[in-house]
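Novice: Numbering (the numbering used here), first residue to last: 2 to 104. Ideal Cβ placement from N, Cα and C applies to all residues, glycine included.
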Amino acid sequence: MVHKIGVIGDRDSVMPFKLFGFEVVYAVSSNQVRETIESMAKNNFGVIFVTEDASELAAETIQRYKSEVTPAIILIPSHNGTKGIGLKEIQDNVERAVGQNIL
Numbered sequence: 002m003v004h005k006i007g008v009i010g011d012r013d014s015v016m017p018f019k020l021f022g023f024e025v026v027y028a029v030s031s032n033q034v035r036e037t038i039e040s041m042a043k044n045n046f047g048v049i050f051v052t053e054d055a056s057e058l059a060a061e062t063i064q065r066y067k068s069e070v071t072p073a074i075i076l077i078p079s080h081n082g083t084k085g086i087g088l089k090e091i092q093d094n095v096e097r098a099v100g101q102n103i104l
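1. If we ignore side chains and look at the alpha-carbon of each, how far apart do Ile86 and Ser56 end up?
2. Answer yes if the segment 61-68 comes into contact with the segment 16-28, meaning at least three C-beta pairs across the two stretches below 8 Å, and no otherwise.
3. From Ile75 to Ile49, what distance separates their C-alpha atoms?
4. In three-state DSSP terms, what is Ser14?
5. Should Phe46 and Ile6 be called a contact, given that it needs their Cβ atoms to be closer than 8 Å?
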């Protein structure tokens, strides 16, 4: 089964991902972000990158997919810089898997 890769966030942050052939959706309201995540999850997306800014608008939806194998939702910084949310998620996952934070 082939999975697609999607990117959700503001236009300036996610536009460069089009160069790599990812499906890009510009979403700036909480409703847009939630609906896009739900749609991508139902349409065979294996990985969904979401900007940290957009992730704050759909925290409940993202939380629901954390225990699922697919799609993997990865938080990335926006063009405004990082808020540290994505890095914290990665550190928590590594600590859960390994037993300590090795990063």
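Specialist: Result, derived from the coordinates:
1. Taking the first residue of the sequence shown as position 1, residue 86 is located at position 85. Taking the first residue of the sequence shown as position 1, residue 56 is located at position 55. Whole-angstrom Cα-Cα distance: 9 Å.
2. Contact between the segment 16-28 and the segment 61-68 is absent, with fewer than three C-beta pairs closer than 8 Å.
3. Walking along the sequence shown from the start, residue 75 turns up at place 74. Walking along the sequence shown from the start, residue 49 turns up at place 48. Taking the straight line from one Cα to the other gives about 6 Å.
4. Here residue 14 refers to the residue found at position 13 of the sequence shown. In the three-state scheme derived from DSSP, where H, G and I count as helix and E and B as strand, Ser14 is classed as helix.
5. Locating residue 46 in the sequence shown gives position 45, where the first residue counts as 1. Locating residue 6 in the sequence shown gives position 5, where the first residue counts as 1. For Phe46 and Ile6, yes; Cβs fall inside 8 Å.
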